[in-house]
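Data first, discussion second: the structure below is written as structure tokens.
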Amino acid sequence: MKWQNFITVYDVLVSILPSALSTFGTILIFDSPFIPLIIGLLILFLVLGALIQINLIKKEKALAEILATGYFINFLEPLVDNIHLKTEIHFTDSEQKNEFEQSKIKIHLFVPASTDALEKVDLDFKENKAYKNIQLNNAQTGGKIWLKAIEDKDEITLFDFPRTLFSLPKFIKKNIGKRKDASMKKYYDSFYTKLESLIDDSKQNVFFRKIEVEKIGLSSI
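In my numbering, the protein residues as written are 244 to 464.
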């Protein structure tokens, strides 16, 4: 862990410095300074450790929440904004275009609960022939929105998973330090919780109420 990222100037001025001054000020009262020095240093290290842990938890949560917010703003919002009463969907494999009524369109999101689950979902998206490659026009940017889909007569379900999570292990290792696979669970949990919160806060848009979020891979943790 890169501890220097988790001690702020505010922590030093408000907690660490007063504790240090109090410790060395108390030593002068005693004829033998060793016992109060040891006790004081112990308290000082406990304060230091507590501050690092508190700031670490805040940063860990923030890392996952930033990724969830980015996925919501850059993908989910544009996707929902471009699903209209009648939406043209381009099936890229067959070069066909079909029009679907809004009431016949569903969105299903897979949110992995572990790195192993993330890799398995990615592999399934690449190899599962049931999924069709599709794209929607993004009227706001003029670009395309790419997804997987399964068509059933006049209904269609759009599938996606947050590929931004692939950057999570590397980003955590760089900014916080190496983590065991089991300890990564809290990052995926924070991502899922934040994404669910963002969707709930947007349910004044009727279509956000139709989004299904499935947390997968719990058994692999």
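Don't be surprised by glycine CBs; every beta carbon is placed ideally from N, CA and C.
Problem - Contact between the region 378-386 and the region 316-333 (3+ Cβ pairs under 8 Å) - result: yes
Problem - For His327: DSSP bridge partner residues - result: Residue mapping note: residue 327 aligns to position 84 of the sequence shown, counting from 1. Paired residue(s): none; His327 is not in a bridge.
Problem - Closest residue to Val323 among Phe451, Glu457 and Val456 (Cα-Cα distance) - result: In the sequence shown, the residue the question calls residue 323 occupies position 80. That would be Phe451, whose Cα lies nearest to the Cα of Val323.
Practice task
Check the C-beta distance from Ile326 over to Gln345 and give it rounded, since I have them as a contact under 8 Å.
Solution key: The residue given as residue 326 occupies position 83 in the sequence shown. The residue given as residue 345 occupies position 102 in the sequence shown. Between Gln345 and Ile326 the Cβ distance is about 6 Å, and since that is below 8 Å, they are a contact.
Problem - alpha helix (DSSP H) runs contained entirely in the region 364-440, provided each spans 4 or more residues - result: 410-418
Exercise for the section: Pick out whichever of His351, Lys391, Ala305 and Phe343 has its Cα sitting closest to the Cα of Ile442. Expected result: As a position in the sequence shown, residue 442 is number 199, starting the count at 1. Of the candidates His351, Lys391, Ala305 and Phe343, the one whose C-alpha sits nearest the C-alpha of Ile442 is His351.
Exercise for the section: Please say whether Val354 and Pro405 have beta carbons closer to each other than 9 Å? Expected result: Position 162 of the sequence shown, counting from 1, holds the residue named residue 405. Position 111 of the sequence shown, counting from 1, holds the residue named residue 354. Yes; because the gap between Cβ atoms is below 9 Å, this pair is in contact.
Practice task
Determine, using beta carbons only, whether Glu308 and Phe434 come nearer to each other than 9 Å.
Solution key: In the sequence shown, the residue the question calls residue 308 occupies position 65. In the sequence shown, the residue the question calls residue 434 occupies position 191. In this structure, Phe434 lies closer than 9 Å to Glu308 by Cβ.
Problem - Close beta carbons around Leu438, own chain, < 6 Å, minus the five adjacent residues each side - result: In the sequence shown, residue 438 corresponds to position 195, counting from 1. Around Leu438: Ala311.
Handout entry: Lys349 beta carbon less than 9 Å from that of Thr384
Key = Taking the sequence shown and counting its residues from 1, the one referred to as residue 384 is at position 141. Taking the sequence shown and counting its residues from 1, the one referred to as residue 349 is at position 106. Cβ distance not < 9 Å, so Thr384 and Lys349 don't count as in contact.
Practice task
Confirm, please, whether the CB-CB distance from Phe318 to Glu393 is below 9 Å.
Solution key: Working through the sequence shown from its first residue, we reach residue 393 at position 150. Working through the sequence shown from its first residue, we reach residue 318 at position 75. Here residue 393 is Ile; the residue named in the question, Glu, does not match the sequence. No, the pair does not count as a contact, with Cβ atoms beyond the cut-off.
Problem - Residue(s) in a DSSP beta bridge with Phe450 - result: Indexing the sequence shown from 1 puts residue 450 at position 207. Phe450 pairs with nothing; no bridge assigned.
Handout entry: Contact set for Asp397: own chain, Cβ-Cβ below 8 Å, skip 5 residues either direction
Key = As a first step, residue 397 is located in the sequence shown; it is residue number 154 there, counting from the start. So the qualifying residues of the chain are Phe343, Glu344 and Lys347.
Handout entry: Counted within 10 angstroms of its Cβ, other Cβ atoms place Gly386 as buried (16 or more) or exposed
Key = Stepping through the sequence shown from its first residue, residue 386 is reached at position 143. Burial call: exposed.
Problem - Collapsed DSSP secondary structure at Glu338 in the structure displayed - result: Position 95 of the sequence shown, counting from 1, holds the residue named residue 338. Reduced to three states, the DSSP call for Glu338 is coil.
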